[in-house]
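Per the UniProt record's numbering, numbering through the sequence shown is continuous, rising by one, with the last residue being 121.
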Amino acid sequence: MNVLHVPDRGDREQRGGSKSCSLSEMNKDAQLRATINQKLIETGERERLKELLRAKLTECGWKDQLKAHCKDVIREKGLEHVTVDDLVAEITPKGRALVPDSVKKELLQRIRTFLSQHASL
């Protein structure tokens with residue numbers, strides 16, 4: 001199976017390169033990401049991936065854990081002292097950390113498969 005790999009800054013770090021990159025590299029990365037995202041949207045794959053993610057997160061209890069965390073934050077700070085922006089800023093890091101590795105790996109594999117099938121990007 002031929003898999004198209006989209007390099008990112010982490011790849012440069014793993015190869016011993018600098019974390020910083022040139023403006024042209026950032027522009028190329030941004031253009032490539034935009035092209036991939038556009039193809040995902042055009043083919044409907046982006047929506048399918050979002051639905052898969054929603055189902056997996058619900059299935060593993062992620063949604064319930066995050067809901068409980070929201071309630072804890074509101075209880076600690078008081079309802080009148082918490083804005084939606086505050087709540088989002090507070091729960092986002094924990095929400096990302098709570099996504100199981102198996103879910104991340106499955107989504108990544110689906111994206112890699114999609115890219116290998118659309119290698120002309």
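Even glycine gets a Cβ: it sits at the ideal position worked out from N, Cα and C. Keep in mind that this is a model prediction, so the values were computed, not measured.
At which residues does the alpha helix (DSSP H) containing Glu80 begin and terminate? Neither: Glu80 is in no alpha helix (DSSP H) and is coded neither H nor E.
Taking 7 Å as the threshold (C-beta atoms), are His69 and residue 150 in contact? Given that the chain is displayed from residue 1 to residue 121, the structure contains no residue 150 and the question cannot be resolved.
Contacting residues, own chain, Cβ-Cβ under 7 Å from Lys67 (five flanking each side not counted): none
Excluding the five sequence neighbours on either side, which residues of its own chain have a C-beta within less than 8 Å of the C-beta of Glu76, listed in chain order? none
Top-ranked residue by Cα proximity to Ile74, from Asp64, Lys63, Asp86 and Ser24: When the alpha-carbon of Ile74 is set against those of Asp64, Lys63, Asp86 and Ser24, the nearest one is in Asp86.
If Glu51 sits next to Phe114, beta carbons under 8 Å apart, how far is it from one beta carbon to the other, in whole angstroms? That pair is no contact at about 14 Å.
Where do the ends of the alpha helix (DSSP H) carrying Ala119 lie? From DSSP, Ala119 is part of no alpha helix (DSSP H); its letter is neither H nor E.
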